[in-house]
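Worksheet: the structure to be examined is printed underneath.
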Amino acid sequence: MAADNHPTFSLFFVAAAVVSLLFAGGAEARFKGINPWCLTADYRFLCTKMVKGATTQEVAIANAVQATLNATTRMAPKLEGLVQAVAYLPELSKESVISTCRDSYDKVVENLNEALNFMKVNDDQSVLDRVDTAESSISDCLVALKEMGGNTESLAKTSRILYRYVSNAMAVATQL
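In mature numbering (1 follows the signal peptide of the UniProt record, and there is no 0), the protein residues as written are -29 to -1, 1 to 147.
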């Protein structure tokens, strides 16, 4: 009986080829539909919506900062819910928490507006600084509420949402 001269493929070789083909397109598929300026963002789909199809980084940053500013402005009325969150605290503590929270949101709005103004004069470092400061200001209200023993549930969701926005704006801005 003659030996077979047909090439044989091992099952291992076939499996390795299939796996490498699957993973070859994985990275590209993972970012499909994501704006190029949002690839480093933690919340890529939200970021892509925020930058609104921007093709340049300047436009992407401006759109991301503006979207964050709009979200912050929309969330500001939720501060009125603070009264319930601090209802059982002593009067002085209530006033302190409410004041801190209002200041916190005002600082976020102020810093984002300043970032937009610095963009107009191409001051990239100041844009980064203002977005970074806005990011740190978001948590001030929640921290004050926790420290005084208030109910943080009402503001936790709002803070998380705003953090996602400003985190995305920071991700886009840090690619400068």
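We put the CB at the ideal spot given by N, CA and C, even for glycine.
query                                                                                                                                                 : result
Could you check how far apart the C-beta atoms of ALA86 and VAL36 are, in whole angstroms? I think they sit under 8 Å.                                : 5 Å
Below 8 Å, can you find three or more Cβ-Cβ pairs linking the segment 36 to 46 to the segment 130 to 138?                                             : yes
My output table needs one value for GLN146: the three-state DSSP class, helix, strand or coil.                                                        : coil
Where does ILE32 fall in DSSP's three states?                                                                                                         : helix
At 4 residues or longer, and completely inside the segment 3 to 59: list those alpha helix (DSSP H) runs for me, N to C.                              : 15 to 22, 28 to 46 and 53 to 56
Within 10 Å of its beta-carbon, does SER108 have 16 or more other beta-carbons around it, so buried, or fewer, so exposed?                            : buried
If you draw a straight line from the C-alpha of LEU126 to the C-alpha of LEU50, how long is it?                                                       : 8 Å
Measure the beta-carbon distance from PRO6 to VAL22 and round it to whole angstroms, keeping in mind my assumption that it falls under 8 Å.           : A quick correction: the sequence has Asn, not Pro, at residue 6. Correct: roughly 5 Å between the Cβ atoms.
Would ARG73 and PHE89 be called neighbours here (beta carbons separated by less than 8 Å)?                                                            : no
Can you give the Cα-Cα distance for VAL68 and LYS3, rounded to whole angstroms?                                                                       : 43 Å
Decide if LEU63 is buried, meaning its Cβ has at least 16 other Cβ atoms within 10 Å, or exposed.                                                     : exposed
Quick one: residues in its chain with C-beta nearer than 7 Å to the C-beta of ASN122, no 5 flanking neighbours on either side, listed in chain order? : ALA56
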